[in-house]
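S.K.: I am attaching a structure below and will ask some questions about it afterwards.
Numbering (the numbering used here), first residue to last: 4 to 607.
Printed below as a string of structure tokens:
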């Protein structure tokens, strides 16, 4: 069995500007911008440090996905498109370097300029920038893209648009954004929105989903073949305009990228074993150990690579919709967490090989520290003390069980919490004082076998305390529609978080996002503390305040008991054809290499 395991990731002082924390002041137009400090790479850098600038071109990658799709426009609210298209069809003014906590380098632009307080950002476009049809990328395309996406695009773009006071053309190739919010991150975020071609949509409905209009972008790949709901194939554009841009050297090396879709997600690994796919990312360690021992692995034709990373764990698990009365009381949410027998489920699912998520930013310097809040963290929480979830200041930890199938202590704790909240078991059913049964719906996506298995076990524990939930399984388009409109009681959640959290936090758990359909605030958090701490984080001019604000936010979210967490994924497990190769130098966001094929290349 061949296994590649990379240890000892190197992080330079410049790369960890988040830790070093010097304030940033832009004195003149630059080739890049960092949230704190200065970009690590100089003006004349050749390529990103984790990209092989001499990588050969050619080959293909074929991966599998559970589910289906009914649209090829990932930039609108309607329809369900392959998630990868959001990153593959269009480029942005700047590109993110995954070797640094939050640093961008020019892509469509050749320079960025901003003031010391970052109240505006001005970009100058590269004269050679072209869309895939050969048309130049213009300032008009940039302005139209921001307005169209902000007003008619997917809900994820609305927040950015609302924080732009004005966009003005300042030269033939230059455009200036002025912000109406005190948010230092906006100067970076404004460089990361997709730029689409204005001319393509003249006289057409941008919000219409389906397959008639595939958005035209400037990216290296174009959709060249697809079968609705079955597969999508992209081909590298041999005339791609940006192949010599430093940011892109060593990227977009593969000739073909293909995604196969399976209604039953369990068929993905079978297709991989049969050779229909040549790369597969595995999330279950037990499956990794037990099922990746087929002949191609033994022959060395398939390599098992383990790729580490150093970003926060994020939050993965089952989220409770606090918009509904069933989940509005923290005591009920805590009782439902107590009923979830993680230790038993972990043994069944992974052989107890994966640790549990302990907070949203665990596994990183930004994670809350155990015990009572101290120092700057306590100071930041003090103004909200009367409204904080219980145990925020003292320190909240998720409960543990004995690991037995029936854990009596956790059951007693859950029943006591339900009683405090006004519920008792009456004739074998959990009911309130009026005799109304306590129940809720669990919404799952078809083909999600692992989460369905976990929920089946969880349901048995719930039945033991008189609760019988309704489990609804729907296909991917229905799931997206229902989750976008918050039409669920409990459902799955996965929020990947970074070492440079910023404006996206408002979309994840800001009060305004709680009532915005399509936002990612699935739990419906409305908290003055959360909103205030996000604002503090965004306006922080130093490392100390930024880290303290994030740790304080981590405490409030974790003690809010909004999610029943499951496993941490602190490594990526990727099985792939031996010809598929990635560079030896790994970025701190090493798991990004496991997700996207950007820097992979084909070797014979």
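Beta carbons are placed, not taken as given, at the ideal position from N, Cα and C, and that holds for glycine.
1. Can you grab the Cα-Cα spacing for the pair residue 480 / residue 208, in whole Å?
2. When we look at the beta-carbon of residue 566 and count the other beta-carbons within 10 Å, is it buried (16 or more) or exposed?
3. First and last residue of the alpha helix (DSSP H) that includes residue 339?
4. Count the other CB atoms, across all protein chains shown, that sit within 10 Å of the CB of residue 685; report buried if there are 16 or more and exposed otherwise.
5. Determine the DSSP secondary structure at residue 356, reduced to helix, strand or coil.
6. Using the three-state DSSP reduction, which class does residue 243 fall into: helix, strand or coil?
7. Thinking just about the alpha-carbon of each residue, which of 244, 182, 79 is nearest to the one in residue 94?
8. Is the Cβ-Cβ distance between residue 325 and residue 527 less than 8 Å?
9. Quick check: the Cα distance between residue 520 and residue 484, rounded to an integer number of angstroms?
10. Which whole-angstrom value is the C-beta distance of residue 314 and residue 592, which I expect to be below 8 Å?
11. With DSSP run on the structure shown, which of helix, strand or coil describes residue 517?
12. If we count Cβ pairs, one from each stretch, closer than 8 Å, do we get three or more for the stretch 457 to 472 versus the stretch 273 to 291?
13. Can you give me the start and stop residues for the alpha helix (DSSP H) that residue 576 sits inside?
14. Who does residue 262 pair with in a DSSP beta bridge?
15. Grouping DSSP H, G and I as helix and E and B as strand, with all else coil, what is residue 283?
16. Taking only three categories from DSSP, how would you classify residue 409?
17. Starting from residue 435, trace the beta strand (DSSP E) both ways and give me its first and last residue.
18. Taking the Cβ atom as the reference point for each residue, do residue 88 and residue 600 lie within a distance shorter than 8 Å?
19. Check whether the Cβ atoms of residue 349 and residue 337 lie closer than 8 Å to each other.
20. Under three-state DSSP, which class holds residue 587?
21. Alpha carbons only, please: which of 495, 262, 410 is nearest the one belonging to residue 231?
22. Residue 375 by DSSP, collapsed to three states: which one?
23. Evaluate contact between the stretch 143 to 152 and the stretch 170 to 179, counting only Cβ atoms and requiring at least three cross-stretch pairs below 8 Å.
24. Using the C-alpha atoms, what's the distance from residue 249 back to residue 602?
25. Quick one: is residue 49 buried, meaning 16 or more other Cβ sit within 10 Å of its Cβ, or exposed?
26. Rounding to the nearest angstrom, what Cα-Cα distance links residue 590 and residue 52 in this structure?
27. I'd like the list of long-range same chain contacts for residue 278, defined as Cβ closer than 8 Å, with 5 residues on each side in sequence excluded.
28. Under the assumption that residue 406 contacts residue 346 (Cβ atoms under 8 Å), give the Cβ distance between them as a whole number of angstroms.
29. Could you compute how far the alpha carbon of residue 268 sits from the alpha carbon of residue 437?
30. Alpha carbon to alpha carbon, what distance is there between residue 428 and residue 506?
31. Under 6 Å Cβ to Cβ from residue 574, same chain only, skipping five residues before and after it: list those, please.
32. How many Å lie between residue 3 and residue 464 at the Cα?
33. Quick one: what's got a C-beta closer than 8 Å to residue 217's C-beta in the same chain, skipping five residues either side?
34. Can you list, in chain order, the residues of its chain whose CB lies under 6 Å from that of residue 102, leaving out five sequence neighbours each side?
35. My output table needs one value for residue 150: the three-state DSSP class, helix, strand or coil.
36. Let me know the secondary structure DSSP gives residue 169 once reduced to three states.
M.R.: If we stick to the structure as given:
1. 20 Å
2. buried
3. 333 to 342
4. Since the first residue of the chain shown is 4 and the last is 607, residue 685 is not available in this structure.
5. coil
6. coil
7. 244
8. yes
9. 10 Å
10. 6 Å
11. helix
12. no
13. Per DSSP, residue 576 belongs to no alpha helix (DSSP H); it is in the beta strand (DSSP E), 574 to 580.
14. 66, 235
15. strand
16. coil
17. 432 to 435
18. no
19. no
20. coil
21. 262
22. coil
23. yes
24. 13 Å
25. exposed
26. 8 Å
27. 299
28. 4 Å
29. 43 Å
30. 44 Å
31. 309, 311
32. Given that the chain is displayed from residue 4 to residue 607, the structure contains no residue 3 and the question cannot be resolved.
33. 75, 76, 92, 226
34. 18, 52, 53, 590
35. helix
36. strand
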